[in-house]
Structure formats: structure tokens, C-alpha cells
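First up is the structure itself, then whatever we jot down about it.
Take a look at the structure:
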């Protein structure tokens, strides 16, 4: 549902980048508001200077490659706005989900980003082949 709504937003704006900007800005406002309410509700006594220092310190601890997730999010969401009107929701979702599963298997196999190692097995490879076959059949015109 979200993918179809995102695509329609891109069409209304006639600009997938503008729609992506709107989506991320709106998401930022929502998450920032929830964070603020959560902090106030929990009555966490945090001095502003401590918060800034803590945030600054934490930002410096983030490895450079993890900032790539932000770029990947923008590319992913932006491509949905752009491609769904051309490909259709079903086709785009099958490709996107298949890609997500394949990348997740790769990450798990090598334990990247501190994830638990889940070695590839014959059954996982067979499942992957069946998944790709299913995607081809679903998207066959």
C-alpha cells in the first residue's frame, strides 16, 4: 500500500525527487516529535549541553560506511516513486523484495554489519532459485 501511495505522490508532484524529499521531511518531523514526546513523557532529565555532547560524540563513533544506509534509503524510496508508475506496484514489489532477500542472505552469510552469521545451505540456495523462478513467472507478460 505504501509503495502505491508513494508512487501517486510522485505523480502528483511530477517530480520523484521532490516527492522523496517530502516523504523524508515528513518522516523526520514525525520521528522527531515522537522522540521529543517520549523523552518528555519519561521525564528524562537531560541537560541540553549533555544532549548535544552526547549526540556529537555518538555521531563521531558512527563508521563512515554506515552513512551509506541513508543514501540507499533515498535511492530506494526515490526509485519507487519513479518506477511504480512505469512498472506497476506488483512488478516493482516483487523485484524489490527479491533484491532485499538476496542482499540479506549475502549479509547474513558473511556476518556483515555485526549481524549473526547464517551460512548458505543447499536448501537456502534451492529456495533462492525457486524465489527467482517465481519472480520471473509473476512478472512474465
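Numbering (the numbering used here), first residue to last: 120 to 260.
All residues carry an ideal CB built from backbone N, CA and C; glycine is no exception.
- For residue 207, there is no enclosing alpha helix (DSSP H), as DSSP marks it with neither H nor E.
- When the alpha-carbon of residue 258 is set against those of 233, 226, 232 and 208, the nearest one is in 208.
- Contact annotation, residue 217 with residue 251: C-beta distance approximately 7 Å; criterion of less than 8 Å satisfied.
- A contact is defined here as three or more CB-CB pairs under 8 Å, and the stretch 198–206 meets this definition with respect to the stretch 125–142.
- Under the three-state reduction of DSSP output, residue 218 falls in the helix class.
- Counting every other CB atom within 10 Å of its CB across the protein chains shown gives residue 211 a total of 16 or more, marking it as buried.
- Residue range 121–132 is occupied by the alpha helix (DSSP H) that includes residue 129.
- A residue is called buried when at least 16 other Cβ atoms come within 10 angstroms of its Cβ; residue 255 does not meet this threshold and is exposed.
- The C-beta distance from residue 228 to residue 244 rounds to 11 Å, too long to fall under 8 Å, and the pair is not in contact.
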